[in-house]
Each structure stands twice: as C-alpha cells, then as structure tokens.
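According to the numbering used here, the stretch in the sequence shown is residues 1 to 484, in order. Even for Gly, the Cβ is constructed at its ideal location relative to N, Cα and C. In this text the structure is predicted, and so the values were computed from the model without any measurement. Working notes, beginning with the structure itself.
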Amino acid sequence: MSDLHLLDIYQLADKLNKKEISAVELRQEFFARIAKFNPEIGAFLRTTETDEAEKSDARRAKGEVLSLLDGIAMAHKDLFCTAGVVTTAGSKMLANFTPSHTATIAEKLANAGAVMLGKLSMDEFAMGSSNEHSAFGVVKNPWNTAKIPGGSSGGSAAAVAARLVPYATGSDTGGSIRQPASYCGVTGIKPTYGVCSRWGMIAYASSLDQAGVIATTAADCALVLEKMAGRDERDSTCAPNKSYDFTTYLNRDLEGVKIGLPKIYFEKLDPKIAKQIQAAARQYEELGAKIVDIDLENSDIAIAAYYIIASAEASSNLSRYDGVRYGYRAENPKNLDDLYRRSRNEGFGAEVKRRILLGTYALSAGYYDAYYEQARRGRRAILNSFKKAFSACDVILAPTTPTVAFDIGSKTSDPVEMYLSDLFTVAVNLAGLPGLAHPCGFVDEMPVGCQLIGSHFAESRILNLAHKYQQVTDFHRQVPAKFR
Ligand code: GLN
C-alpha cells in the first residue's frame with residue numbers, strides 16, 4: 001500500500017492532474033484499506049462498486065475535468081438517499097430500503113465528479129451522540145477502539161480518521177458532524193440552515209437538520225461544501241443563493257478579527273479540555289485575531305429546548321413509517337392496528353421509540369403550551385443571545401464537547417447523561433448558525449476539538465480561520481498509529 005491515504009483532497013487532485021495516479025487506482029487503494037481496516041471499526045455499512053472512477057478517468061483523458069473533486073473517493077452517511085443503493089438511516093425499519101432517488105447533495109457531488117465508495121454507519125435516524133444507537137453495530141473510535149466515535153455521523157468521522165476515505169458527508173441536527181469530528185480528530189462543518197438542500201436526506205427534525213462534510217482539513221471541507229451547497233427548488237427551506245464561494249477567502253488575513261470566548265462555556269468545563277481550547281485561542285491571537293470574553297445568555301436552556309423540539313419534529317416525521325407504504329412490515333398482522341403497532345415496535349430501536357414518545361407527549365393537547373411552545377420561546381431567546389454576542393465579536397470560539405470520547409457502553413443506560421454530551425453543539429442548530437469543529441490537541445491520548453461558530457452565512461469566515469490555524473499547527477495531520 002502507498003501513502004496516498006495520508007493526502008488531503010487538494011494533494012490527491014494534484015496527483016490526478018499530473019496523471020501520477022488514476023481515479024481507478026485511487027479507488028483501489030481506498031477499497032484495499034476499507035477491506036483491511038473496516039472490520040475493526042465498522043464505519044462502512046456497505047461498499048458500492050460504481051463506474052464513477054472509470055468515467056472520471058475518461059473525462060480527464062479528454063481534458064474535461066469537472067472539478068477538484070473529480071475522481072476523488074468518498075462515502076456518504078447512510079441517511080442520504082442513493083438511487084439503487086440500500087439506504088438504512090441506521091434502522092431496521094429501512095434495512096431493505098432501496099431508494100429510487102438520490103439526495104440533492106449526493107447528486108451535486110456526483111456531478112462534481114465524486115467517486116462514491118459506500119455508505120457509512122450512524123445512530124438510528126441520526127438520534128444519538130455515540131453511534132451506539134445503530135441497528136447495525138457500534139462504530140469504534142480509531143484512536144482507541146474501546147471508545148465511541150461520537151454520533152450521529154460516527155461512521156463518517158471514524159472513516160475519515162482512519163483514512164478509509166478522504167472525506168465523507170454527514171448531517172448535523174444538534175451536533176452530529178462537529179461532535180464526532182472532535183472525538184475522532186478530524187475537521188467537520190455544518191453550514192447555516194438552508195445552505196444545503198435537505199431533499200433526499202432522511203428526516204429527523206426538519207427545522208434543525210443540515211447536511212455537511214467531514215474531512216481532514218478545513219480547506220477540504222470548504223471545497224466539498226461549496227459543491228454541496230445551493231438553492232434547490234425541491235426543498236422550500238433552502239436559501240435562495242444559487243451558489244456559494246467558500247474557497248476564495250481561505251487565506252484571508254486574520255488581523256483584527258474579533259473572536260469571542262463565551263465565559264459560561266468554560267465555567268464547568270473539564271480543565272484539561274479548557275486548556276486545549278485556550279491554547280487554540282492563543283494560537284488564533286498569534287495569527288492576528290483579537291480574543292474577547294463574551295456573554296452567551298440562555299445557554300443553560302439549550303439542551304432542554306433542543307430535545308423537546310427535535311423529539312417533537314421526529315415524532316411527526318417518523319409517523320410515515322407505518323409498515324404500509326415502505327420500510328419494515330410485521331409479518332402476518334391480525335388487522336391494520338396490529339400491523340401499525342408491530343411494524344413500529346419491531347422496526348424501531350429503543351432510542352427512537354423514546355424520542356417519538358417524548359415528542360408526541362410534548363405536542364399533545366394538554367401539554368403543548370407547557371413544553372413545545374415554551375421550547376420555541378427558548379429557541380427564539382437563544383437566537384437573540386447569539387445575535388447579541390455577534391455584536392461584540394465576529395466569530396465565537398467554544399469547546400465542541402464537555403469531554404473526550406467516552407468508553408463504549410458507559411452512557412447507554414442513562415439517556416440524559418448521553419444528551420448532556422451535546423451541551424455545546426445544540427444551540428448552534430436552534431439558531432440555524434454555521435459551526436465548524438477542528439482538532440486542537442489531545443487529552444488522555446484522545447483528540448480534542450474546538451468549535452468555531454459564525455453568524456448566519458459566515459461559512460467562509462469560519463473556514464478561513466480554521467484554515468489559517470491548520471497552516472501553523474499539525475493536529476489535523478495526526479493519524480491513529482494503527483491506521484498510518
Ligand atoms: N445527539 C443529538 C441527538 O441525538 C444530535 C444528533 C444529530 O445532530 N443528528 O439528537
């Protein structure tokens with residue numbers, strides 16, 4: 001095996017360009033790594049053999065390269081529908097679901113020349129923070145296989161961390177890109193709500209769900225996200241911008257950029273993690289940024305507001321899985337009611353059932369005002385707090401997670417404990433803001449990530465910051481020993 005897996009997208013594109021390698025060879029390299037390493041970490045649920053690499057090589061031979069992503073191997077989180085390829089969302093409910101359509105973001109990447117190698121594991125319907133709530137097995141963290149990779153895009157983060165693909169798609173409803181990226185020592189971005197189309201992405205909580213990308217560098221994230229983003233008539237919540245430019249400003253000078261550190265996020269933070277985030281702040285300072293302390297009011301209500309809103313939307317979205325139209329169907333039902341009950345009971349896992357129950361309760365007639373309406377007001381207050389914070393700074397620097405990746409099995413019996421690992425990520429989704437996580441150190445031999453939060457549509461700013469940081473640090477180049 002060569003060292004190709006250690007290269008980022010720009011470096012691989014250069015090799016393809018110089019004809020030092022072909023897309024077919026590149027695919028072979030990564031397939032060989034997946035065959036060798038995936039059994040140990042379980043990031044891929046399945047691999048897919050397409051003719052995309054051959055087509056890419058043919059285009060290149062004719063000088064018709066589509067983009068820097070042309071011929072580069074990648075994989076999708078298994079909640080993006082891919083026509084003709086089983087798409088499960090990590091659920092038994094969809095174990096045999098073969099969509100007839102391809103998600104807009106997957107189609108856009110294919111149109112840019114992406115070569116799909118397979119589909120990646122995730123928590124069932126993207127509900128979870130550890131990838132332990134998957135119907136198809138727990139994914140292991142490549143840095144220590146006794147630890148969780150994070151969730152719900154755990155397969156995406158683990159696959160990139162183990163260098164089984166240069167990049168992967170993910171989705172983030174309450175942290176599912178940033179949190180696993182941090183636990184696995186890779187870089188991930190969740191854009192502003194509406195930048196990427198949600199069409200063809202299996203819904204969890206529609207007002208919070210956004211697609212995004214996990215890669216090894218911020219520059220790669222910018223490149224991929226730029227191709228995924230843009231208006232789609234099939235998703236009415238998609239922002240009007242037809243295209244985005246995330247790459248032109250990657251090298252912008254950071255002189256005078258004001259970075260806010262929310263004091264409240266550091267109050268109860270593990271001092272070892274806090275030290276790494278503060279070190280990142282100092283590095284940004286050396287790059288010319290100005291660090292200021294900021295208030296971020298209402299941070300204490302984010303988890304409660306998020307889990308009510310997300311569960312409420314989930315209970316509505318998941319009602320489509322009734323055993324009739326598509327998905328799992330119970331055998332030999334006695335009547336229609338029995339069909340509904342048993343299909344859902346047998347098809348959904350425990351965490352998904354918990355969310356449906358919570359959400360249905362929060363929306364029920366007697367409790368709507370007390371829970372859902374209250375959570376909506378909280379959401380609005382959180383948005384206002386961010387707006388206020390952005391009047392004092394350009395970008396917010398925060399921890400991504402309260403701890404480093406925890407032991408497999410250590411939080412599965414206590415759902416609230418699991419929910420609390422999303423302490424620093426959910427507010428960003430409630431406010432619809434862009435958030436990026438990048439590695440910034442190690443604690444107890446596990447990676448730590450910090451989080452950059454931008455104002456609405458400020459993706460290019462947070463990508464710019466992370467890129468500059470990665471020019472002078474090498475945390476993002478660290479690869480777990482076993483996978484080098
Ligand atoms: N951990 C959060 C949840 O379970 C966030 C998941 C996500 O972003 N998809 O809801």
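Opposing strand residues paired with residue i [DSSP bridges]
| i | result |
| --- | --- |
| Val352 | Answer is none; Val352 lacks a bridge partner. |
| Lys190 | Gly435 |
| Asp245 | Paired residue(s): none; Asp245 is not in a bridge. |
| Arg486 | The structure shown does not extend to residue 486, since the chain spans only 1 to 484, so no value can be given for it. |
| Arg46 | Lys119 |
| Asn141 | Asn144 |
| Ile105 | Paired residues: none, contrary to the question. |
| Cys81 | BP columns for Cys81 are empty, so no partner. |
| Gln451 | Ala398, Ala437 |
| Lys258 | Lys290 |
| Asp407 | Lys147 |
| Met446 | Val443 |
| Glu196 | The amino acid at residue 196 is misidentified as Glu; the sequence shows Cys. For Cys196, which the question treats as bridged, DSSP gives the partners Ala229. |
Cβ-heavy atom distance, residue i to the ligand GLN, below 6 Å
| i | result |
| --- | --- |
| Asp78 | no |
| Ala305 | no |
| Thr173 | yes |
| Ala310 | yes |
| Ala126 | yes |
| Asp422 | yes |
| Ser129 | yes |
| Ser410 | no |
| Ser156 | no |
| Ser176 | yes |
| Ser152 | yes |
Start and end residues, alpha helix (DSSP H) containing residue i
| i | result |
| --- | --- |
| Gly155 | 154-161 |
| Gln28 | 23-41 |
| Val395 | First-last for Val395: 395-399, but that is the beta strand (DSSP E), not the alpha helix (DSSP H). |
| Arg341 | 336-347 |
| Pro501 | Outside the displayed range of the chain (1 to 484) lies residue 501, so it cannot be described from this structure. |
| Gln478 | Taken as a continuous stretch (DSSP letters only), Gln478 belongs to no alpha helix (DSSP H), as it is neither H nor E. |
| Val416 | 415-419 |
| Pro271 | 271-286 |
| Ala304 | 302-317 |
| Leu16 | 9-17 |
| Asp57 | 52-61 |
| Ala112 | Counting along the chain, Ala112 falls outside any alpha helix (DSSP H), and DSSP gives it neither H nor E. |
| Ile264 | 263-267 |
| Asn429 | 426-430 |
Closer than 6 Å: residue i CB and nearest the ligand COA heavy atom
| i | result |
| --- | --- |
| Ser182 | Looking for the ligand COA in the displayed structure turns up nothing; the ligands present are the ligand GLN. |
Terminal residues of the beta strand (DSSP E) in which residue i lies
| i | result |
| --- | --- |
| Asp172 | 167-172 |
| Val224 | Where Val224 is concerned, there is no enclosing beta strand (DSSP E), although the alpha helix (DSSP H) it sits in stretches over 218-228. |
| Ala73 | 73-77 |
| Val213 | 210-215 |
Cβ separation of residue i and residue j, assumed to be a contact under 8 Å, to the nearest whole Å
| i | j | result |
| --- | --- | --- |
| Met201 | Leu117 | Contact flag wrong, Cβ pair sits at about 19 Å. |
| Lys92 | Gly347 | 5 Å |
| Phe424 | Thr403 | Between Thr403 and Phe424 the Cβ distance is about 11 Å, and since that is not below 8 Å, they are no contact. |
| Pro439 | Gly185 | 5 Å |
| Gly174 | Val426 | 4 Å |
| Ala229 | Tyr244 | 4 Å |
| Leu225 | Glu459 | 7 Å |
| Tyr371 | Ala365 | Not confirmed; about 12 Å, so no contact. |
| Glu124 | Ile408 | At roughly 16 Å, the Cβ-Cβ gap does not stay under 8 Å, so Glu124 and Ile408 are not in contact. |
| Trp199 | Asp232 | 6 Å |
| Lys119 | His76 | 6 Å |
Within-7 Å CB hit, residue i to chain B
| i | result |
| --- | --- |
| Phe424 | Checking the listed chains, one finds no chain B in this structure; it contains a single protein chain. |
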